[in-house]
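For the sequence shown, my numbering assigns the number 290 to the last residue and increments by one with no breaks. By construction, the Cβ of each residue, glycine as well, lies at the ideal position given by its N, Cα and C atoms. Computed from a predicted model, the values in this text were never measured in an experiment. First the structure, in the form of structure tokens, and then the observations on it.
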Amino acid sequence: MSVRTKLKSLQSLWVLVIFILAACAGAPPPTPTPVPPTPTPLPTPIPAESGNESESVVESQGESESEAAATSNLRTFIIVPEESQASYIVDEEFFEAALDKYGINIGQVDTVGTTQNIEGQLQINLADLSDPLGTNRFTVNLASLTSDQSLRDTWLRERGPQFNQFPLAEFVATGVADAPTSYTDGEEVQFKMLGDLTIRDITQPATFDVTATLNGDTVTGVATADLRMTDFGIEPPNFANTLTVADEFTVRVEFTAREQ
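Next comes the structure, spelled out in structure tokens:
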């Protein structure tokens, strides 16, 4: 017989003895002692946040609200290509052979090449121009630049800078400087736009001096920057007895942008 079976037999025998004794005494069988209910465990108290944690939450909420407010103040203006143009301005000096070869007069001149193949947007807080910028990105198709000499334009595209191979120049603004903190519609303002300029896959920091005016939903203005060809891997042209070109050149962007 197993231990478990023996235990069950003992329990049954014990119950039978109690019943016989109770009957002989003329008393009712004993009332079983009630088992007290198991107490419900109290919920574990949640520790109170420390002062530093509370301050962190408040600071985080404050930063989120500030960022949301700054974003809500941003206004976006899209460049209108047909009302804008980008240009390069560079000093060239022509020698006597230039007159014989190309019919170009001897002397120093400012050579200008332009294009309207420009895209981009301005995203700024006009309530406070010194605030961080939104997305300000501009691209110009250098292969579409034209000047008063088709030979020059062909040389820029196929040789020299090889703009056919590296057609896009891109400027990405990262901030502004010397901007007024307040602005009135129709007022002309001046400031500097800081950022990175990429030409021929070479990126260099660049600063544009900007003069701009907002009238209603349209921003018009001019942005200029002084640069060096050699900073972008371009060797200034130098043709013996014909012409030399300065390393320094100026980028000038006349732009019209309308609010999106």
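Would you give the residue range spanned by the alpha helix (DSSP H) that A128 belongs to? From DSSP, the alpha helix (DSSP H) with A128 extends over 126-132.
Going by the CB atoms, is the gap between D239 and F201 shorter than 9 Å? Not in contact: F201 and D239 (Cβ atoms no closer than 9 Å).
When you compare only the Cα positions, how much space is there between I136 and W185? In a straight line, the C-alpha of I136 is about 20 Å away from that of W185.
Thinking just about the alpha-carbon of each residue, which of A207, L224, V249, R189 is nearest to the one in G263? Residue R189 holds the alpha-carbon nearest to the alpha-carbon of G263 among A207, L224, V249, R189.
Under the rule that 16 or more other beta-carbon atoms within 10 Å means buried, what is G56, buried or exposed? Residue confidence is low: G56 scores 43 on pLDDT, short of 50, so the model does not pin down where it sits. No coordinate-derived value is stated.
Candidates A116, L159, L104, V110, of which the one nearest T165 by Cα: Closest option to T165, Cα to Cα, is L104.
Tell me where the alpha helix (DSSP H) around L181 begins and ends. 180-188 is the span of the alpha helix (DSSP H), which, as asked, contains L181.
Count the C-beta pairs between the segment 140-149 and the segment 200-217 that are closer than 8 Å, then say yes if the count reaches three, no if not. Because the criterion of three Cβ pairs below 8 Å is not met, the segment 140-149 and the segment 200-217 do not touch.
Residue span of the beta strand (DSSP E) that contains V281, given as start and end: It spans 273-289 - the beta strand (DSSP E) in which V281 sits, taken as one unbroken run.
Is E5 helix, strand or coil when you go by DSSP? This structure cannot settle anything about residue 5, because the visible part of the chain is limited to 31 through 290.
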